[in-house]
Amino acid sequence: MPGLPAGTRVWLAAGVTDMRSGFNSLAAKVQTVLERDPFSGHVFVFRGRRGDLVKVLWWSGDGMCLLMKRLERGRFVWPRADGGVVSLSQAQLSMLLEGIDWRLDSVKQDGRSSDNHFGRLAGMIVGEC
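Per my numbering, the very first residue in the sequence shown carries number 7; after that it's consecutive.
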């Protein structure tokens with residue numbers, strides 16, 4: 007599949023999330039803390055305390071998907087806020103998951119390009135559900 011459906015929003019949960027959380031706990035956090043609908047088809051991203059692990063929660067239409075990614079080097083760039091929600095574009099999500107600072111306008115950092123990474127990620131999300 008080439009990517010997430012058009013109009014899919016990406017929501018990043020600012021602050022720290024307990025990475026022991028699974029489908030139900032993260033969906034509950036989406037409802038209670040982020041005040042969003044976990045079954046909306048939008049993408050919700052959570053980061054652990056160490057900063058090297060994120061979980062991505064997404065309702066595919068027929069089931070809940072949970073993707074985990076751990077960086078071998080470095081940490082995921084995250085808002086400094088203790089709580090709340092930040093809206094990202096799909097391109098920014100791609101950069102985030104590649105370990106690139108998504109707040110930058112430049113698509114290259116550390117010699118890596120964000121081009122076409124989201125399509126591969128979206129294929130993984132859809133293919134693994």
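Note that CB positions come from ideal geometry on N, CA and C, so glycine has one too.
(Q) Rounded to the nearest angstrom, what separates GLY47 and GLN98 at their Cα positions? (A) The sequence position of residue 47 within the sequence shown is 41, counting from 1. The sequence position of residue 98 within the sequence shown is 92, counting from 1. Cα to Cα, GLY47 sits roughly 18 angstroms from GLN98.
Q: Measure the C-alpha to C-alpha separation of MET74 and VAL60 and round it to an integer number of angstroms.
A: Position 68 of the sequence shown holds residue 74. Position 54 of the sequence shown holds residue 60. The alpha-carbon atoms of MET74 and VAL60 are separated by roughly 6 angstroms.
Q) How about the stretch 63-70 and the stretch 78-95: do they share at least three Cβ pairs that are nearer than 8 angstroms? A) no
Q | Local conformation of LEU63 per DSSP, three classes | A | Taking the sequence shown and counting its residues from 1, the one referred to as residue 63 is at position 57. DSSP places LEU63 in strand when its eight states are reduced to three.
Q: Would you mind working out which of LEU103, VAL49 and GLY54 sits nearest ALA12, comparing C-alpha positions?
A: On the sequence shown, residue 12 is found 6 positions in, with the first residue counted as 1. Comparing Cα-Cα distances from ALA12 to each of LEU103, VAL49 and GLY54, the minimum goes to VAL49.
(Q) Does ALA20 pass the burial test, meaning 16 or more other C-beta atoms within 10 Å, or should it be called exposed? (A) Here residue 20 is taken as the residue at index 14 of the sequence shown, counted from 1. In summary, ALA20 is buried, with 16 or more beta-carbon neighbours lying within 10 Å of its beta-carbon over all protein chains present.
Q: Starting from MET101, trace the beta strand (DSSP E) both ways and give me its first and last residue.
A: Locating residue 101 in the sequence shown gives position 95, counting from the first residue. Here MET101 belongs to no beta strand (DSSP E); instead the alpha helix (DSSP H) covers 96-103.
Q. Thinking just about the alpha-carbon of each residue, which of GLY67, LEU72, GLN96 and LEU103 is nearest to the one in ARG79?
A. Position 73 of the sequence shown, counting from 1, holds the residue named residue 79. Nearest C-alpha to ARG79: LEU103.
**Q.** Per-residue DSSP class, three states only, for PHE45
**A.** The residue given as residue 45 occupies position 39 in the sequence shown. Here PHE45 sits in coil by DSSP.
Q: Going by CA-CA distance only, name the one from GLY9, ARG15, VAL39 and VAL16 that's closest to THR23.
A: To locate residue 23, count along the sequence shown from 1; it is residue 17. THR23 has its Cα closest to that of VAL39, out of GLY9, ARG15, VAL39 and VAL16.
(Q) Between MET25 and GLY57, how many whole angstroms is the CB-CB distance? I'm expecting something under 8 angstroms. (A) The count along the sequence shown starts at 1 and reaches residue 25 at position 19. The count along the sequence shown starts at 1 and reaches residue 57 at position 51. The Cβ separation is near 11 angstroms, so there is no contact.
Q. Are VAL51 and ARG42 touching if we call contact CB-CB under 8 angstroms?
A. Mapped onto the sequence shown, residue 51 falls at position 45. Mapped onto the sequence shown, residue 42 falls at position 36. No, the Cβ-Cβ distance between VAL51 and ARG42 is not below 8 angstroms.
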